[in-house]
Structure formats: C-alpha cells, structure tokens
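Residue numbers (my numbering): 222 to 591.
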C-alpha cells in the first residue's frame, strides 16, 4: 500500500470535524481579543496607577497572556487527529515567535521603507530624493567614510589580535588568567567602555593633565593633545581602538576554541617534516579554522556597521567622527527629519543584510540547521 492510500485512510478514520474548525477560529480570535483588551486597559486605565503597579500589571499581562494563549492553542491542537496534528503542531511552537518578530521587525521595516520616500514632515511623496541626499550630502558621506574605517581597520585589528592572543595564550601556563583579562572588556557595555576611554583621552588646557594618555605624554616631555577633537582625522582611529579593546576578547574566545579543535596529529606530522611553528600556523591552523575566522569576522563587521554608543559617548559625532548610526539618530530626533533618518536606516539595513545572509549560509553548510 502506497503512502497516499495510507494518508487517505488516516484522514477517513480520523476526520477533521466542523467543531474542530470552529474552535480553530474561535480560540485564536478570543486570545487576540483578550490581548487587545489588556493593551487597552494598560493604556487607558492603568495609566493612573503608580509606576510600580503599572510595571507589574504590564509584565503580568504580557507574560501571562502569551502563556495562556499558548496553552489554549496547545490544548486545541492536541485534540486534532494525528494526521492534522503532525502538520499544525510545529506552528504552535514557532508561530508566536514568528508573529512577534513580524510585529517588532518586519512591519517596522516596511514602515521605515515607506517613510524614506516622504519629505521631512511626512506629508509629501518625494521619491528617491532622500536617497540622493544620503549619497551626496557632505556630512553623510563623511559618516560613510568613517564607517569604512571602522569596518576595515576595526574588524581586521580585532580578529588579528584575537587570533594572536589565542595562539599565544594556548601555549602559556597562565592561559586562564590571560584570557580572563582579555575577555573582561567584552563583559561591559559599549557605553561603559566609552566612559573609561574618555578619561584615558581626557585633555585639559591647564598644565596638570588628569587624562592617562596626556599624563604619560607630558611625563616624557611631550605636548598634551585634545586627542578626540583636534587630532583629525586621527581621532577616528583612537575611537576604533575602543572597539578593538572590547571585541578582541570575543574573537579570542571563539578562535581559541577552534584552535583547540585542530588535530594534534597534523601538527606533529608537520613538525616531523621540518615545518616551523610559523609555517604550521599559516599552512595548517589557519586553513583548519578558516570557517570560524569568517564567522567571527562577519559578526564584528555587523557590529562595526551599527556602531553608535562609543561615538556618542566620546564625541557625540562631532569633530569629524560621525558614523551612519549617529547620523540616523540626529536626523530623526535632533533635526526632526524622519525622511532622511529612515533612508539612512534602510541603507544601513541593505549593507548589513548580505553579511548576515552570508553568515547564515556558512552556518548552514556546517550543518548548523537544515
């Protein structure tokens, strides 16, 4: 008996009744109505309550509502015939997450794309005028140039230092201590890292310098500098140092794990053939961990394209340090120009998406998912 006949018999033995169809519509609709009523309550009624009560009510409504909706859907699907349950049940688990992603990511992306074709007030369709502005206005071109610095120099330095430290630390007796110290900056936020380095680069016109870098320069007889403002365009590279400081630990941890996966037999055979450590590194280790290097590199590229916190804390985008994200923020919230701001966001999305797609394809080729 072929598969089609078996499936037909299963459907005939366990039919999908009209009651099940009615419940399939009624229960999700009821869950949506309950969620909407909870939203209206939190918006219109709970607004007069103390902030703590509002927060507790929002958490209870959000978590409790989604949990109750999931239980209702699970109960509904559990009563389906087996041949229906096999097809529908995966969507019960994946569906809410997909719906949430659509609500929080996909729909806002479409709305942002629509706004990018409108003028500053959002009242008139201007076509591609905002895109022309993004690629011709001097400040925006400067921001793109600076982002290229962050992507190329920041990514290369982070991966290179991470790889170098991973190799050296694996051969040290103090491996755990060294890796902990290098990874520690990764544990703090970019804002905190910016505050720390702001004190390092700090400059005062007075004779006594409280910034660490200027204090060292002055101690050796040099002239203190306003590193993040007057030293242009070198101030961009001084900001990139902060990203390298935070991302080197991330690269080191992943690359170190990959290096430990290199078969010792290959390295021993290379040594017996007379290969030096440097030759073994470039001819065996690098090719073996190539996919990990690519994954780390693409991840840091995405991070550097979205860089915002460090620049805002250190310079606020002044002194020629603008990047795409700071310009998006200023156009939208400072200049009240949602058209250009949305256009910058779409341009950034277009740049980031190919990198993410490449990363996912690489992950799929390694068997990460089907």
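Using N, Cα and C, we set each Cβ at its ideal position, and we do this for glycine too.
Since this is a predicted model, take the numbers as computed values, not measurements.
Inset, instruction - Measuring alpha carbon to alpha carbon, tell me which of 400, 375, 376 ends up nearest residue 387. - result: 400
Legend entry - Coarse secondary structure for residue 476, derived from DSSP in three states: helix
Legend entry - Simplified DSSP assignment, three categories, for residue 349: coil
Legend entry - Integer Cβ distance of residue 506 from residue 545, believed to fall under 8 Å: With a Cβ gap of about 35 Å, residue 506 and residue 545 do not count as contacting.
Inset, instruction - Could you tell me which of 249, 250, 276 sits nearest to residue 262, measuring between CA atoms? - result: 276
Legend entry - Local Cβ density within 10 Å of residue 516, reported as buried at 16 or more and exposed below that: buried
Inset, instruction - Please determine, among 484, 371, 346, the residue with the shortest C-alpha to C-alpha distance to residue 468. - result: 371
Inset, instruction - Please report how far the alpha carbon of residue 330 lies from the alpha carbon of residue 307, in whole angstroms. - result: 33 Å
Legend entry - Proximal residues to residue 465 (C-beta, below 7 Å), its chain only, five neighbours per side dropped: 375, 378, 379, 382
Inset, instruction - Would you kindly report the start and end of the unbroken alpha helix (DSSP H) that includes residue 580? - result: 559 to 586
Legend entry - Under 8 Å between C-beta atoms of residue 532 and residue 541: no
Inset, instruction - Look at the Cβ atom of residue 560, then the Cβ atom of residue 367, and state whether they are nearer than 8 Å. - result: no
Legend entry - Ranges of the alpha helix (DSSP H) found wholly within the segment 414 to 461, counting only runs of at least 4: 433 to 440
Legend entry - Minimum C-alpha distance to residue 391 - residue among 473, 448, 514, 501: 473
Inset, instruction - To the nearest angstrom, report how far apart residue 318 and residue 363 are at their CA atoms. - result: 39 Å
Inset, instruction - Consider the Cβ of residue 383: report whether some Cβ of chain D lies at a distance smaller than 8 Å. - result: Absence of chain D from the displayed structure is noted, only one protein chain being present.
Inset, instruction - Report back the beta-carbon spacing between residue 348 and residue 356 to the nearest angstrom; my notes put them in contact at under 8 Å. - result: In fact, because the Cβ distance is near 14 Å, the residues do not count as touching under 8 Å.
Inset, instruction - Please name the residue or residues paired with residue 385 in a DSSP beta bridge. - result: According to DSSP, residue 385 bridges with nothing at all.
Legend entry - Start-to-end residues for the alpha helix (DSSP H) that takes in residue 533: 530 to 535
Inset, instruction - Report yes or no: do three or more beta-carbon pairs, one from the segment 518 to 536 and one from the segment 552 to 566, lie closer than 8 Å? - result: no
Legend entry - DSSP bridge partner residues for residue 339 (one or two, in chain order): 346
Inset, instruction - Using the Cα positions of residue 493 and residue 502, report the straight-line distance between them to the nearest angstrom. - result: 15 Å
Legend entry - Contacts around residue 475, its chain only, beta-carbon distance under 7 Å, and the 5 residues preceding and following it disregarded: 513, 517
Legend entry - Neighbourhood of residue 509 by C-beta distance below 7 Å, restricted to the same chain and skipping five residues each side: 483
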